[in-house]
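What follows is a single structure, written as structure tokens, with notes after it.
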Amino acid sequence: MNFITINNLKWASTALILSGILLTNLNNYPLNIFIHGLGAIGWSIAGYLTNDKALLTNFGLQIPIFIFGYYYFFM
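Per the numbering used here: the sequence shown = residues 7 to 81.
Below, the structure is given as structure tokens:
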């Protein structure tokens, strides 16, 4: 039985995105960018698997922005 379906990936990624937004509103840096970043990666994978260019554009372009946040945090 395959537990990692595209639908499950989308729901898990949605939960991560919303958790990241909540953490941002609670000013919980840097956890917010790590959680939201995982959600963006999940949605990017879902967009790739379903060949959905809108998802890839939205979430794929968020990943480099999060990389700047990771760089800023670790430097």
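Glycine included, each C-beta is placed from N, C-alpha and C at the ideal position.
Comparing C-alpha distances from I47 to each of T20, I27, F80 shows the shortest one belongs to T20. Counting C-beta atoms within 10 angstroms of its own C-beta, F74 has fewer than 16 neighbours from the protein chains shown and is therefore classed as exposed. Per DSSP, the continuous alpha helix (DSSP H) segment holding T20 begins and ends at 12 to 31.
Within the same chain, and ignoring the five residues on either side of Q68 in sequence, the residues whose Cβ sits closer than 6 Å to its Cβ are A46. Within its own chain, the residues whose Cβ lies closer than 6 Å to the Cβ of P36, once the five positions on either side in sequence are excluded, are F79, listed in chain order.
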